[in-house]
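Residue numbers (the numbering used here), protein chains in the order written: chain A, 1 to 253; chain B, 1 to 316.
For each residue, glycine too, the CB sits at the ideal point set by N, CA and C.
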Amino acid sequence: MSFIAIWSIYKYEMFRFFRTILQSFVSPVISTSLYFVVFGAAIGSRIQEVEGVSYAAFIVPGLIMLSVIMQSLSNSAFAIYFPKFIGTIDELLAAPVSFFEIVVGYVGAAATKALFIGTVILGTASVFVDVHILHPGAMVAFLVLTCISFALFGFIIGIWAKNFEQLQLVPMLIVTPLIFLGGSFYSVTMLPPIWQTVTLFNPVLYLISGFRWAFFGISDVSVGWSLLAIAAFTGLCMTVIWWIFRTGWRLRN
Amino acid sequence: MTAIVDIKSLRKVYKGGFEALKGVDLQIEEGEILALLGPNGAGKTTLISTICGITDPTSGEVLVAGHNWRKAYRQARGLIGLVPQEINLEGFDRVINSVRFSRGLFGMKPDEAHIEKVLRQLSLWDKKDARIRELSGGMKRRVLIAKALSHEPRVLFLDEPTAGVDVALRKGMWDTVAELKANGVTIILTTHYIEEAEALADRVGVINGGELLLVEDKQRLMERMGRKQLTIELQEKIDSIPASLSEFDLELAPDGRSVTYSYDTRGERTGITKLLAGLSEAGIVLRDLKTSQSSLEDIFVGLVEGGTTPSKEGAA
Chain A
1 MSFIAIWSIY
11 KYEMFRFFRT
21 ILQSFVSPVI
31 STSLYFVVFG
41 AAIGSRIQEV
51 EGVSYAAFIV
61 PGLIMLSVIM
71 QSLSNSAFAI
81 YFPKFIGTID
91 ELLAAPVSFF
101 EIVVGYVGAA
111 ATKALFIGTV
121 ILGTASVFVD
131 VHILHPGAMV
141 AFLVLTCISF
151 ALFGFIIGIW
161 AKNFEQLQLV
171 PMLIVTPLIF
181 LGGSFYSVTM
191 LPPIWQTVTL
201 FNPVLYLISG
211 FRWAFFGISD
221 VSVGWSLLAI
231 AAFTGLCMTV
241 IWWIFRTGWR
251 LRN
Chain B
1 MTAIVDIKSL
11 RKVYKGGFEA
21 LKGVDLQIEE
31 GEILALLGPN
41 GAGKTTLIST
51 ICGITDPTSG
61 EVLVAGHNWR
71 KAYRQARGLI
81 GLVPQEINLE
91 GFDRVINSVR
101 FSRGLFGMKP
111 DEAHIEKVLR
121 QLSLWDKKDA
131 RIRELSGGMK
141 RRVLIAKALS
151 HEPRVLFLDE
161 PTAGVDVALR
171 KGMWDTVAEL
181 KANGVTIILT
191 THYIEEAEAL
201 ADRVGVINGG
211 ELLLVEDKQR
221 LMERMGRKQL
231 TIELQEKIDS
241 IPASLSEFDL
251 ELAPDGRSVT
261 YSYDTRGERT
271 GITKLLAGLS
281 EAGIVLRDLK
291 TSQSSLEDIF
301 VGLVEGGTTP
311 SKEGAA
């Protein structure tokens, strides 16, 4: 295992992030503030407490998940798509590194960026509402696992994408709806029974539910199911990536 | 000498059925400069990409310093530096950062002294903090070479290093290559400029249509196939070559105003003095003399256009 190679990739990717640190920092702060103004203050004032938690506080875990999922996904997808696009991927393929090292480097960097942004959002949120975290350890664990699993998923999308349109396609058409319909801004119990059943097939529900449990001790599905779902998703992504590197799919012609 | 890169019946068939490499066998010796000549689409880049692990072959294998390039890819690839044909660089990145990254990617511990040496050697040191997109094409190509040299490879693949580079820069690039060879780096160079192969290579391989037509010591190749010709223009037209000159390989031009003498420059005697004396004895008055030598280019064009595989006798 070449730790130097992993560290080189990680450092290189993080360097790209710090080059645009202001954008990386300002945009989540502004978008989170907007969500709080719209959902927290304007709409939230008309909504009673959800399961004993004020609505503004209730949406905090969902908001963090929304950003963290999108950030890790798009960061990772772009990080591997870009070398493919400009051709620097050849250097990676000719280097004495295994797929595992490449993945750890890229996915690690994408997950770190998402984690950073998640922390910024949590900080911003605590300006608007009193955020109380019941299980801090579990909260961090869910956050980190989500960052990693969606960075893995993004890596697959980045390798699969043949152009910039495709790169946007999965996040826009699949992941965004899944996040919104996964209970980011509401409890599943607020839905009619038929939709509650449908929602159970949405993997993102399990992540948000588990994450919210870590904050408030309330959840739509049990924490065990949440952990199982995230483990299964991570495992699936890893298997696909392993297969990609073994066959050279869309990497080696 | 030992083969540092041993290519064994490498074959590559692309999905559409196009056979880019038709079973290439090639031994690259340590410390040499091998030039692979071939027209566009001959399979030069496919061959290099396959050796470097970017393209998967259909069959065949490569050993780098005895390491199988797939089973022991870490050892094999670690010895190889690749300068690709396309300028694949991240424009926003700074020169030194990009070079450092390459070194790390190849698992080498940071060594600022080495990075500085490489950048100075390639006249890039004063540009080390420049963004790559601000550099000229020739500089970008040198950045690619710096990246390849950053991890101290023993074998360097240069895929058309001087494509689209002006004449002055090309000469500079040749000096760099010669210097690398002096440092003991084995160099494999692809080019379609014959003069480049002629100026740099120890051995020349000619590749066309996915087949290695010939690999031979450059000097020997030119000796074997490169004959020199002396054209003698005559003051007065003659109808036939005098019998006294029959021992020479002479050819009379159809207009009878010049004769051509073919000879081997490597021979003990070229026979020119004797021929000139013979001509004067026969009473033939000369008007002018002209010599010409077939270049590697003539040989190359002859090989590629001839379509037939020449005899490989004497091939290394």
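Taken in chain order, the unbroken stretches of beta strand (DSSP E) that lie wholly in the segment 3-89 of chain B and span 3 residues or more are 3-13, 19-29, 33-37, 59-64, 80-83. Listed in chain order, the positions of the segment 86-98 of chain A with a beta carbon within less than 9 Å of a beta carbon of chain B are I86, G87, T88, I89, D90, E91, L92, L93, A94, A95, P96, V97, S98.
Residue range 167-182 is occupied by the alpha helix (DSSP H) that includes B/D175. Chain A places a beta carbon closer than 9 Å to that of B/G78, counting this residue as a contact. Taking a C-beta distance under 9 Å as the contact criterion, B/K228 and B/S292 qualify as a contact pair.
Secondary structure at A/G44: helix, using DSSP grouped into helix, strand and coil. Within chain A, the C-beta atoms nearer than 7 Å to that of B/D56 come from G248, R252, in chain order. In terms of Cα proximity to A/I47, the closest of A/N202, A/S187, A/V221, A/S67 is A/S187.
Within 7 Å of the CB of B/P84, the CB atoms of chain A belong to D90, in sequence order along the chain. Residue state for B/Q235 is assigned as coil, using DSSP reduced to three classes.
With a contact defined as Cβ atoms closer than 8 Å, B/A201 and B/A35 qualify at about 4 Å.
Proximity to A/I21 across A/K113, A/L93, A/A141 peaks at A/K113, based on C-alpha coordinates. Among the CB atoms of chain B, one or more fall inside 9 Å of the CB of A/K11.
Only residues of its own chain outside the window of five on either side were considered, and among them A35, L37, L189, T191, V204, K218, L296 have a CB closer than 8 Å to the CB of B/A197, listed in chain order.
The DSSP-derived three-state label of B/K290 is strand. Remark: C-beta atoms of A/G235 and A/I208 do not approach each other more closely than 9 Å. By the Cβ criterion, the segment 129-140 of chain B is not in contact with the segment 104-119 of chain B, since fewer than three pairs of Cβ atoms, one from each stretch, lie closer than 8 Å. Within chain B, the C-beta atoms nearer than 8 Å to that of A/I4 come from G104, G107, M108, K109, in chain order. Beta-bridge pairing by DSSP links B/Q229 to B/S262, B/S292. Listed as beta-bridge partners of A/V50 by DSSP are A/V53. Cβ atoms of A/L122 and A/I64 come within 8 Å of each other, at about 6 Å. Counting only the Cα atoms, B/R74 lies some 54 Å from B/T270. Ranked by Cα distance from A/W243, the first of A/F155, A/A138, A/W195, A/L227 is A/F155.
For B/T186, the enclosing beta strand (DSSP E) covers residues 186-191. Spanning the alpha carbons of B/V24 and B/N208 requires a straight line of approximately 11 Å. Excluding sequence positions up to five before and after A/D130, its CB lies within less than 8 Å of the CB of A57, all in the same chain and listed in chain order.
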